[in-house]
Ligand SMILES: [Zn+2]
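Structure representation (structure tokens):
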């Protein structure tokens with residue numbers, strides 16, 4: 029187990045009440061493949077037996093549509109069984125600005141925590157992928173759109189630092205709508221913080237494999253996600269800086285078919301490989317064997 | 066475009082409405098054939114007007130600040146270069162795709178310092194604004210900025226960046242050419258450039274597009290600039306489901322985007338004072354304040370070895386963020 033030191037400005041807060049964790053059954057419904065015996069594929073609209081999809085890494089057996097999965101499912105799919113040891117599992121968000129929109133930010137946090145069973149939108153830790161030791165981070169879109177606030181920025185940064193200290197390959201699986209508005213400037217600065225940690229990691233000749241999944245946009249794409257030494261993307265994943273809706277409003281025209289999808293980024297030269305979910309473990313191991321220490 | 070009056074501005078912002086009544090009275094007096102006889106009254110009204118404006122500017126809401134930051138007559142990068150800099154030598158192009166006019170780059174001398182200047186440019190005339198995409202840079206703008214910053218590093222020149230953008234351009238071509246990658250690379254590279262970097266938000270600090278030239282050893286904001294993760298309108302549209310006058314005002318307050326908010330949150334180092342009724346009313350005075358700050362900060366930073374600068378820059382970023390260690394993980 030790698031030990032992570034506490035960083036500045038962390039404060040001990042009372043533990044979450046048990047009621048926060050009671051509702052885990054309904055929480056499952058919110059994660060990845062929706063609850064129910066049968067589910068409809070988002071792409072080909074076929075009704076599929078839920079178990080069958082889950083046993084197929086949440087990929088539609090008919091059209092290969094990659095269902096969005098939770099951070100927890102991602103960790104399970106990628107790592108050797110039982111090998112994941114989380115870092116900073118107890119790190120939780122605070123409300124530095126007292127942010128209130130239609131609802132107070134703390135309410136949104138509590139709801140997301142109940143729904144996902146997670147403290148925030150990323151899980152980090154060390155793990156093995158096909159017997160190769162790595163530092164891994166998996167983002168979870170179900171937690172406030174996978175947005176990056178202070179916790180995501182800090183956990184990613186600490187993961188980068190640990191990978192550097194222990195000469196381990198770093199794998200980050202992004203799935204995020206961008207920076208978290210409710211922490212405003214604090215969120216924005218996490219972009220610079222994670223990028224500066226990656227600069228050091230790069231100076232140490234560390235290997236960073238960035239995996240882009242549907243969706244990866246905004247401040248996450250414009251910081252660590254695009255800084256991989258090798259960048260992989262899942263088929264048809266939406267990847268971009270601005271969201272399609274904002275672009276449509278700006279240019280006042282329909283967006284071309286496949287715009288901002290993984291294959292489009294491959295064509296434009298911003299992704300190294302588009303990789304089917306069933307091949308991710310193999311592909312990551314392969315790259316580590318070429319480039320890892 | 067409105068003419069510039071003796072007050073430096075004829076473009077009235079919503080919160081400036083109370084002075085319009087005084088303006089009418091002043092104009093009435095001036096229009097009289099015997100206006101010379103009313104010199105004292107006129108002077109009195111002018112003084113009242115000045116006091117009222119100053120008072121209004123002391124009580125700006127965050128949304129008002131956004132309006133001031135976007136004032137059409139607010140000085141831009143090119144204006145500050147003209148006012149602060151002698152022998153500006155503009156350099157063009159990213160050596161890869163093109164030359165984005167939304168970011169100006171070049172050598173310049175400010176006070177005793179030879180430096181590299183990088184700054185967003187919104188454009189003043191309609192033609193310029195269109196060419197500059199209203200200050201929204203494309204990837205080639207960010208790459209041009211980085212290419213010139215590396216030039217500065219190579220020759221040991223400090224870097225000044227002037228930030229003034231609603232955000233990086235959201236369009237087809239920008240995405241095709243890797244807007245996100247361009248900004249991400251700038252963040253990484255600026256964090257390890259071995260030369261002093263000072264950054265000032267002079268108007269709008271819109272999100273990643275601002276930060277893309279905003280990583281430095283000292284970061285400041287002009288008093289009436291704004292800097293935030295998203296524009297108030299963008300935030301209102303998402304979190305309040307609709308951007309309108311009311312929700313924009315609410316979002317601007319919630320985002321803590323003013324210079325004083327950013328300072329108290331530890332996200333910037335300094336607030337640079339502006340003329341009491343905004344830089345647009347007295348650009349020369351604004352440029353003087355800005356220049357003083359730049360000259361002082363660069364002098365301080367020049368004393369550090371490059372490796373110390375990079376180390377301190379890293380440590381400064383490393384501390385930003387507010388998190389809690391919950392007692393137990395919500396594990397299951
Ligand atoms: Zn399907």
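Residue numbers (the numbering used here), protein chains in the order written: chain A, 29 to 321; chain B, 66 to 397.
Virtual Cβ for every residue (Gly too), placed ideally from N, Cα, C.
Note on geometry: alpha-carbon atoms of residue 291 of chain B and residue 202 of chain B lie some 18 Å from one another. CA-CA distance, residue 206 of chain A to residue 245 of chain A, rounds to 5 Å. Within chain A, the C-beta atoms nearer than 7 Å to that of residue 300 of chain B come from 209, in chain order. The residues 125, 127, in chain order, have a CB closer than 8 Å to that of residue 212 of chain A in the same chain once the five nearest residues on each side in sequence are set aside.
Looking from the CA of residue 316 of chain B, the closest CA among B:307, B:332, B:297, B:281 belongs to B:297. A distance criterion of 7 Å places the beta-carbon of residue 93 of chain A in contact range of ligand 1, judged by its closest non-hydrogen atom. DSSP, read as helix, strand or coil, puts residue 345 of chain B in helix. Short note on residue 74 of chain A: C-beta closer than 7 Å to some heavy atom of ligand 1. In the three-state reduction of the DSSP assignment, residue 300 of chain B falls in the helix class, which pools H, G and I. Runs of the beta strand (DSSP E) lying entirely within the region 171-207 of chain B, each at least 3 residues long, are 178-185 in chain order. Not a single C-beta of chain B is nearer than 8 Å to the C-beta of residue 171 of chain A.
The bridge partners DSSP lists for residue 150 of chain B are B:175. Chain order gives the chain B residues near residue 124 of chain A as 330, 387, where near means a beta carbon separation below 8 Å.
The alpha-carbon separation between residue 224 of chain A and residue 171 of chain B amounts to approximately 25 Å. Between residue 121 of chain A and residue 202 of chain A, the C-beta gap is not smaller than 8 Å, which leaves the two residues out of contact. Put simply, the CB of residue 247 of chain A is near chain B, with a gap under 8 Å to one of its CB atoms. Residue 151 of chain A is bridged by DSSP to A:166. For residue 112 of chain B, DSSP assigns no beta-bridge partner whatsoever. Comparing C-alpha distances from residue 308 of chain B to each of B:345, B:128, B:218 shows the shortest one belongs to B:128. Taking a Cβ-Cβ threshold of 7 Å, the residues of chain A close to residue 327 of chain B are 213, in chain order.
Among the bridge pairs identified by DSSP, residue 271 of chain B is matched with B:293. Residue 324 of chain B has a beta carbon lying at 8 Å or more from every beta carbon in chain A. Nearest to residue 383 of chain B by C-alpha distance, out of A:306, A:197, A:185, is A:185. In this structure, the CA atom of residue 81 of chain B is about 27 Å from the CA atom of residue 305 of chain B. Non-local beta-carbon contacts of residue 174 of chain A in its own chain, meaning distances under 7 Å to residues more than five positions away in sequence, involve 149, 167, 168, 203, 204, 205 in chain order. Between residue 118 of chain B and the set B:79, B:166, B:138, B:105, the nearest pair of CA atoms involves B:79. CA-to-CA, the gap between residue 360 of chain B and residue 210 of chain A works out to about 35 Å. Taking 8 Å as the CB threshold, residue 305 of chain A stays off the interface with chain B.
In the DSSP assignment, residue 102 of chain A falls outside any beta strand (DSSP E) and within the unbroken alpha helix (DSSP H) covering 99-106.
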